[in-house]
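Protein chains in written order, with UniProt numbering: chain A, 1 to 478; chain B, 1 to 478. Even for Gly, the Cβ is constructed at its ideal location relative to N, Cα and C.
2 protein chains.
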Amino acid sequence: MEKVREIVREGKRLAKEDPRRVVHSFKVGLVLALVSSFYYYQPLYDSFGVNAMWAVMTVVVVFEFSVGATIGKGFNRVAATLFAGALGIGAHHLASMSGATGEPILLAIFVFVQAALSTFVRFVPRVKARYDYSLLIFILTFALISVSGFREEQVLMLTHKRISTVIIGGLSCVLISIFVCPVWAGQDLHSLLASNLEKLSFFLLDFGDKYCEAVGNDDTKEVDKRKKDFDNYKSVLNSKSNEESLANFAKWEPGHGQFRFRHPWKQYLALGELIRQCAYRIHALNSYLNTDDTKVPVEIKNKLREPLKRMSLESGKAMKEMSMSLKKMTKPSSCDLHVQNARSACKSLTNLLNSGILKEVEPLELISLLTAISLLIDIINLTEKILESLHELASAAKFKDKTERPLSFEKTNAKSIVCGRPIKCHDDHVVTIIEDDGNNDDTSKNDNRSNEVTNHEKREDSNTHVHVKCLCDVVECR
Amino acid sequence: MEKVREIVREGKRLAKEDPRRVVHSFKVGLVLALVSSFYYYQPLYDSFGVNAMWAVMTVVVVFEFSVGATIGKGFNRVAATLFAGALGIGAHHLASMSGATGEPILLAIFVFVQAALSTFVRFVPRVKARYDYSLLIFILTFALISVSGFREEQVLMLTHKRISTVIIGGLSCVLISIFVCPVWAGQDLHSLLASNLEKLSFFLLDFGDKYCEAVGNDDTKEVDKRKKDFDNYKSVLNSKSNEESLANFAKWEPGHGQFRFRHPWKQYLALGELIRQCAYRIHALNSYLNTDDTKVPVEIKNKLREPLKRMSLESGKAMKEMSMSLKKMTKPSSCDLHVQNARSACKSLTNLLNSGILKEVEPLELISLLTAISLLIDIINLTEKILESLHELASAAKFKDKTERPLSFEKTNAKSIVCGRPIKCHDDHVVTIIEDDGNNDDTSKNDNRSNEVTNHEKREDSNTHVHVKCLCDVVECR
Numbered sequence: 001m002e003k004v005r006e007i008v009r010e011g012k013r014l015a016k017e018d019p020r021r022v023v024h025s026f027k028v029g030l031v032l033a034l035v036s037s038f039y040y041y042q043p044l045y046d047s048f049g050v051n052a053m054w055a056v057m058t059v060v061v062v063f064e065f066s067v068g069a070t071i072g073k074g075f076n077r078v079a080a081t082l083f084a085g086a087l088g089i090g091a092h093h094l095a096s097m098s099g100a101t102g103e104p105i106l107l108a109i110f111v112f113v114q115a116a117l118s119t120f121v122r123f124v125p126r127v128k129a130r131y132d133y134s135l136l137i138f139i140l141t142f143a144l145i146s147v148s149g150f151r152e153e154q155v156l157m158l159t160h161k162r163i164s165t166v167i168i169g170g171l172s173c174v175l176i177s178i179f180v181c182p183v184w185a186g187q188d189l190h191s192l193l194a195s196n197l198e199k200l201s202f203f204l205l206d207f208g209d210k211y212c213e214a215v216g217n218d219d220t221k222e223v224d225k226r227k228k229d230f231d232n233y234k235s236v237l238n239s240k241s242n243e244e245s246l247a248n249f250a251k252w253e254p255g256h257g258q259f260r261f262r263h264p265w266k267q268y269l270a271l272g273e274l275i276r277q278c279a280y281r282i283h284a285l286n287s288y289l290n291t292d293d294t295k296v297p298v299e300i301k302n303k304l305r306e307p308l309k310r311m312s313l314e315s316g317k318a319m320k321e322m323s324m325s326l327k328k329m330t331k332p333s334s335c336d337l338h339v340q341n342a343r344s345a346c347k348s349l350t351n352l353l354n355s356g357i358l359k360e361v362e363p364l365e366l367i368s369l370l371t372a373i374s375l376l377i378d379i380i381n382l383t384e385k386i387l388e389s390l391h392e393l394a395s396a397a398k399f400k401d402k403t404e405r406p407l408s409f410e411k412t413n414a415k416s417i418v419c420g421r422p423i424k425c426h427d428d429h430v431v432t433i434i435e436d437d438g439n440n441d442d443t444s445k446n447d448n449r450s451n452e453v454t455n456h457e458k459r460e461d462s463n464t465h466v467h468v469k470c471l472c473d474v475v476e477c478r
Numbered sequence: 001m002e003k004v005r006e007i008v009r010e011g012k013r014l015a016k017e018d019p020r021r022v023v024h025s026f027k028v029g030l031v032l033a034l035v036s037s038f039y040y041y042q043p044l045y046d047s048f049g050v051n052a053m054w055a056v057m058t059v060v061v062v063f064e065f066s067v068g069a070t071i072g073k074g075f076n077r078v079a080a081t082l083f084a085g086a087l088g089i090g091a092h093h094l095a096s097m098s099g100a101t102g103e104p105i106l107l108a109i110f111v112f113v114q115a116a117l118s119t120f121v122r123f124v125p126r127v128k129a130r131y132d133y134s135l136l137i138f139i140l141t142f143a144l145i146s147v148s149g150f151r152e153e154q155v156l157m158l159t160h161k162r163i164s165t166v167i168i169g170g171l172s173c174v175l176i177s178i179f180v181c182p183v184w185a186g187q188d189l190h191s192l193l194a195s196n197l198e199k200l201s202f203f204l205l206d207f208g209d210k211y212c213e214a215v216g217n218d219d220t221k222e223v224d225k226r227k228k229d230f231d232n233y234k235s236v237l238n239s240k241s242n243e244e245s246l247a248n249f250a251k252w253e254p255g256h257g258q259f260r261f262r263h264p265w266k267q268y269l270a271l272g273e274l275i276r277q278c279a280y281r282i283h284a285l286n287s288y289l290n291t292d293d294t295k296v297p298v299e300i301k302n303k304l305r306e307p308l309k310r311m312s313l314e315s316g317k318a319m320k321e322m323s324m325s326l327k328k329m330t331k332p333s334s335c336d337l338h339v340q341n342a343r344s345a346c347k348s349l350t351n352l353l354n355s356g357i358l359k360e361v362e363p364l365e366l367i368s369l370l371t372a373i374s375l376l377i378d379i380i381n382l383t384e385k386i387l388e389s390l391h392e393l394a395s396a397a398k399f400k401d402k403t404e405r406p407l408s409f410e411k412t413n414a415k416s417i418v419c420g421r422p423i424k425c426h427d428d429h430v431v432t433i434i435e436d437d438g439n440n441d442d443t444s445k446n447d448n449r450s451n452e453v454t455n456h457e458k459r460e461d462s463n464t465h466v467h468v469k470c471l472c473d474v475v476e477c478r
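The structure is reproduced here in structure tokens:
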């Protein structure tokens, strides 16, 4: 009894998590009951006979959760059936010319060769990714048609009936999946990336506070909350296969909502990969949050608090904006500003570090602090790359322009005053270069550095550590 | 013509990469030709008729690459067919009692309810992982039997024939896959983990040399080699889904070679996860190898070279040994010694760092060095955890004992002399505690610390940074 209640509870949870699951189940039941009517109505049964069961089979196998998956599978099935049907008839014709003793032997050889060859082709990675199901159906249909043709003499009739019923089954699935509460894989992929960005932004917006205030904080509630945060990244870390299959399905879908037929789904995969790379860094950063690092002296932490907080806060804001702009399909506008703010905070931090406040600290005590800083710098670099990738997506997918708001002087919490100055960049978005007026006298040198920072945008090799370069520049400037 | 040649080349590459693919393709062709004989031989055809095609279908759908996958799918198919067959007959009987008008309506309702319910159950993650195919076949068979029963009156006969042919098809697949050049998923999983460990060991054995000598080395050949190393981890990083499906298949397999029927496959997943965690760290470390870190002064690097090299070398040796012991299925014996050597090297390093050699270095210039050290310490901790997990696997899977070789004084390249002293630990493996006689006078204090180190083995929370604790101990001892 307890077990039954548990099962019901699990079912309710699944339905609540995504109500489209319930709708999908009803749709499958509906189509199946509909297609079964082939058997009920005498006229239909008379023309298709026992072959009507192929329609039932097609429905059960082809009807998938999303429109794209259903169309893809339906297309694979119909195309493979047609092709294998034609080949099967040819094989049958060829075999029948070789006489009564030769026929079964020749047919067996055909089946063997075709099955072995197709099975081997299924190992080719590119084929496996998109046409695995096609090949399965190809082997199946060829074997059935060429071999059963050996008995029933009306091979052509049989093939015709089988293909018609498969098409009928496939079409009903596709039509119902498109017109009754459709589930679009493309829309799902789009939302998935936006929500992944949002998850990262939540962490970054909170990180600064937590890191600086978490000294020796053993509150269990706090720890629980952090654990929950932690679990959020896990979903981003493992989202690769999900993204890939959604992108694969989305390619089959017709235009829907804001998405055209040839929406640049491939670009979503590139963006998703960068988001995941950033999530790896955040994963590592989170482990330093949970570390028992009372060893970093509080006064040092206090001195570094301001720029540290600003670094994570600004990159978090940029992520949040990007998530919003992706959701609304508008071009990201003020993200560049946030990224540059984060960069200037990073500069203040390095200036602080260079001012010698760490002189009296043991190097060992610095390990966790410096590693956290190094990770944060990495995250800012990746944020910039994500932004770049989003810009590419925005221009490829023709995102709407937001109503331009004037670039204003942005005042942050930091002491240094930053001013925005727009310059034209390689594609049609505006990059704002920040000049940190607070700390520098030599404007020309400073300008050079700013250009360096802009150049980072064009870098593509994700393995080199850009931040080291960036830090070195700062060191040289001093 | 060029295209054809390219395809042939790709085919050759695939066949060379794993010749079992060719064998598998032949096997599928063979079974399919064999099962087609149902149609050729008059007596068999007379008893099964057109239902013989279910055998062909079963073969095409069920025959997978590994024995475990084939058995699993065959079992799923047969069980679902049996169960759905019984239910279908019941539904047909119930509907036929309700008269000529009620029958089709009742049947449609049955099909609808069953299809909707089963489709919903397929969303349950645990069911989806293992029984997704069962449910698909269940929906299919139930619909076909209950509905086609409406026409042909001999439902029982139909069901009987269908189930027999499915069993015949499934059995031929299983028998051929077991007795003709079998591909065991369990063996594959076992080899995969051993080779993953080996890949990590290759990196670690080389890392010390490369890191310390790579100052300003821009040799393109060298860079290419490193890139290749880098690609090796990629395969470890993304091996999760592969491991999971192999473990899933392996559960279905009968005992084979050195593996019993209930081999602890679950433990392999735990071990694989730890190896992957270690690969993440190595991935990060590799990026520091490629960094343009000429900023770390050469004299500092020279001073730290010895312990740094020894840390990576010893953990690499431990990995190599573990890989060998997994391959040969013997209990790991001298790995503990290597891990403890790595720990003692780590101690020497921290002593060096504490001696103040970094006082005159700018903190910014230390970032990459300290992060690399922090990652190496992490890797050593993970090596220890992997070893622990391997010990668990060894006792669960009853690995053979290696012929005990006497614990000898091991001379490493370092100046400190270490001696091994075996103590009994929680389970039946021997842990060797190393005493670093070179640097310490206070033996009792040293003993305490050694115990601390052993205690790390029992830690399970992988998120806390054990190395911080370890480092702090060293600092306190001074």
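In the structure shown, phenylalanine 207 of chain B adopts helical secondary structure according to DSSP, grouped into three states.
Below the 9 Å Cβ cutoff, chain B contributes Ile367 as neighbours of isoleucine 373 of chain A, in chain order. Residue state for phenylalanine 38 of chain A is assigned as helix, using DSSP reduced to three classes.
Around the beta carbon of phenylalanine 38 of chain B, 16 or more other beta carbons lie within 10 angstroms, which makes this residue buried.
With fewer than 16 other CB atoms across the displayed protein chains lying within 10 angstroms of its CB, arginine 5 of chain B is exposed. Secondary structure at phenylalanine 259 of chain B: strand, using DSSP grouped into helix, strand and coil. About 7 Å separates the beta carbons of valine 236 of chain A and leucine 200 of chain A, which is inside the 8 Å limit, making them a contact pair.
When DSSP reads this structure, threonine 330 of chain A sits in a beta bridge with A:Lys400. Looking from the CA of asparagine 248 of chain A, the closest CA among A:Ile168, A:Asp188, A:Leu289, A:Leu197 belongs to A:Asp188.
For threonine 165 of chain B and threonine 58 of chain B, the gap between their C-alpha atoms comes out near 8 Å.
About 12 Å separates the Cβ atoms of glutamate 388 of chain A and glutamine 267 of chain A, ruling out a contact at the 8 Å cut-off.
Contact between isoleucine 300 of chain B and leucine 358 of chain B holds, with the beta-carbon distance rounding to 7 Å and staying under 8 Å.
The criterion of a C-beta distance shorter than 8 Å is not satisfied by phenylalanine 138 of chain B and glycine 29 of chain A. Here DSSP, grouped into helix, strand and coil, assigns serine 66 of chain B to coil. Distance between glutamate 243 of chain B and leucine 192 of chain B, taken at the CA atoms: about 8 Å. Shortest Cα-Cα distance from serine 47 of chain A to any of A:Ala84, A:Ala185, A:Lys161, A:Thr81 involves A:Lys161. Within the same chain, Cβ atoms closer than 7 Å to the Cβ of serine 334 of chain A are found at Glu321, the five residues on either side in sequence being excluded. Within the same chain, Tyr288 come within 6 Å of alanine 372 of chain B by CB-CB distance, once the 5 residues on both sides are set aside. Listed along chain A are Ser241, each with a C-beta nearer than 7 Å to that of serine 241 of chain B.
For serine 348 of chain A, the closest C-alpha among the options A:Asn341, A:Asn381, A:Met324, A:Pro307 is that of A:Pro307.
Taking all protein chains shown into account, phenylalanine 207 of chain A has 16 or more neighbouring C-beta atoms within 10 Å of its C-beta and is therefore buried. Contact annotation for glutamate 273 of chain A against chain B: no contact, minimum CB-CB distance about 12 Å [criterion: below 9 Å]. Membership of proline 104 of chain A in the alpha helix (DSSP H) is indicated by the continuous run 99 to 121. Using beta-carbon distances, asparagine 76 of chain B does not count as an interface residue toward chain A, since no partner is under 8 Å. Between the C-alpha atoms of glycine 85 of chain B and alanine 108 of chain B there is a straight-line separation of about 17 Å. From the listed residues B:Ala100, B:Ala129, B:Ile167, the smallest Cα separation to valine 56 of chain B is found for B:Ile167.
Residue burial is scored here from C-beta neighbours: leucine 175 of chain B has fewer than 16 other C-beta atoms within 10 angstroms and is therefore classed as exposed. DSSP places proline 125 of chain A in the helix class (H, G or I) of the three-state scheme.
Secondary structure note for leucine 358 of chain B: it is in no alpha helix (DSSP H), with a DSSP letter that is neither H nor E. The shortest C-alpha to C-alpha distance from leucine 382 of chain B to any of B:Val339, B:Ala397, B:Ala194 is the one to B:Val339. About 15 Å separates the Cβ atoms of leucine 106 of chain B and alanine 115 of chain B, ruling out a contact at the 8 Å cut-off. Residues of chain A whose Cβ lies closer than 8 Å to the Cβ of methionine 57 of chain B are, in chain order, Leu140, Leu144.
At least 8 Å separates the CB of glutamate 64 of chain A from every CB of chain B. A check of alpha carbon separations from glycine 90 of chain A across A:Gln277, A:Trp252, A:Ile145, A:Leu271 identifies A:Ile145 as the nearest. Against chain B, the CB of valine 127 of chain A has no partner CB under 8 Å away; the residue lies outside that interface.
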